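Q: Read left to right, the sequence shown gives residues -23 to -1, 1 to 267 (mature numbering (1 follows the signal peptide of the UniProt record, and there is no 0)). Think of the CB as a built atom: it goes at the ideal place given N, C-alpha and C, for glycine as much as any other residue. Here the structure is a predicted model, which is why all the values come from computation and not from measurement. First the structure, then my questions, so here it is.
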Amino acid sequence: MKLQSIPRTIVFLALIVIVSSQAANYKPPIDNYYGLLYTPYTMAIKISAVIPGYNEEKSLPETLTRLNKVVDEVIYVDNGSTDSSMEIAKSYGAIVILEPRKQNGIGYGYALITGLLNSSGRYVVTVDADGEHEIEKIPQIVAYAQSNSIDFINCSRTTRETSKINSLIRKFGVNILNIEARILFGLPTKDILSGMWCINRNILSKLSINEGGWNLSPEIKLSAYVNKNVTYFEFPIHGTVRKEGKSQQILWKTALEHATFILWYRIATVEYEIRYFVQNFTKSFTYYIK
């Protein structure tokens, strides 16, 4: 969803509607959340993995080794690395795509969108290049999605190593954003910023995703959740601390951008709902007075 300038009157109306609309939008949390850890799986479908990356030569070898054991296709989308990331990815058998576009200096979103569109698996799982996600659970996650007809699974880091101060700050910030998403959308998420998702490739056209930077992460989850034609679910995983390389994020700046984006995404969603209602009301009224 492209957020354009919105008239003040629309913003005012949107803020009034937001609270009253939550009862209709709210979906209750999953009762047997942790029971999913032992879901059995037996599959014969193709799974693709998409990795966005920028200067991740130190982290890629381990991440790619783990992925090659559990998926059928690995797509590494490079955002203009100046190190040997692309060569390393090729040496591990990954399909390598160069995606140079950036939004405010960041191309995370563009890389993921490009990877999703170029994947060929029935299910596509996204993971970060740093290896922080529980890659070994991918078959179990995909099997759960398939057996329960789930279109989009957000892999929430319900437990996470916090050996560094940055991890503690990140965890606090994510919790604040989780609360914001719950208040504004009724989304019972435990990890709005997880970079690991499992998507039924058939529903990609139903998602409204346009953000080229870090905001693609909350955007794709919110787009899936508010779409009545997409089934959304959260699956618990364990997150680890980056072992190699350096994160490209400036935590406080990224957190502020996310918080602002989630608010304006909600306002824009309400604006769309109002316009949709007015258009249909006008059509119906015109039809009956003829």
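Ends of the beta strand (DSSP E) at P77?
A: First-last for P77: undefined, no H or E at that position.
Q: Suppose the cutoff is 8 Å on Cβ atoms and the five residues either side in sequence are ignored; what does the same chain contact list for D49 look like?
A: Correct list, in chain order: K23, I24, S25 and G98.
Q: Could you check whether the segment 64 to 82 touches the segment 169 to 179, counting it as contact only if at least three pairs of C-beta atoms, one from each stretch, sit closer than 8 Å?
A: In short, these stretches do not touch, since the Cβ pair count stays below three.
Q: Going by the DSSP bridge assignment, what does F26 pair with across the sheet?
A: Checking the sequence, you will find Ala at residue 26 rather than Phe. Looking at the DSSP assignment, A26 forms a beta bridge with V51 and V102.
Q: Would you check if there are 3 or more beta carbon pairs closer than 8 Å linking the segment 88 to 97 to the segment 39 to 58?
A: The answer is yes - the segment 39 to 58 touches the segment 88 to 97, with three or more Cβ pairs under 8 Å.
Q: Assuming the contact rule is C-beta atoms closer than 8 Å, S58 and N32 should be a hit. Round their C-beta distance to whole Å, please.
A: That pair is a contact at about 5 Å.
Q: Assuming F210 and I112 make a contact with CB atoms under 8 Å, what is their CB distance in whole Å?
A: F210 to I112, Cβ: 19 Å. No contact.
Q: Roughly how many angstroms lie between the CA atoms of S182 and K230, to the nearest whole one?
A: Approximately 31 Å, taken between the alpha carbons.
Q: In chain order, what residues of the same chain have a beta carbon less than 8 Å from the beta carbon of I74, not counting five sequence neighbours either side?
A: Cβ neighbours of I74 beyond the five flanking positions: I52, Y53, V54, D55, T91, G92 and N95.
Q: What span of residues does the alpha helix (DSSP H) with I90 cover, start to end?
A: Note, I90: alpha helix (DSSP H), Y85 to L94.
Q: Can you grab the Cα-Cα spacing for the pair S202 / N152, in whole Å?
A: The displayed chain sequence assigns Tyr, not Ser, to residue 202. Computed Cα separation, rounded: 18 Å.
Q: Going by alpha carbons, who is nearest to A66 out of V27, L164, Y242 and S126?
A: The shortest C-alpha separation from A66 is found at V27.
Q: Identify every residue that forms a DSSP beta bridge with S133.
A: DSSP output for S133 lists P213 as bridge partner(s).
Q: D60 to A106, Cα distance in whole Å?
A: Each residue's alpha carbon lies about 14 Å from the other.
Q: With distance defined between alpha-carbon atoms, name the residue in G30, L89, K46 and L44 nearest to G189.
A: Considering only alpha carbons, the answer is L89.
Q: What number of angstroms, rounded off, separates the C-alpha of G86 from the C-alpha of L145?
A: One C-alpha to the other measures close to 25 Å.
Q: Note down the Cα distance separating V119 from V207, rounded to an integer number of angstroms.
A: Going from the Cα of V119 to the Cα of V207 covers about 16 Å.
Q: Starting from N204, trace the beta strand (DSSP E) in both directions and tell me its first and last residue.
A: Careful: N204 lies outside any beta strand (DSSP E) and carries neither H nor E.
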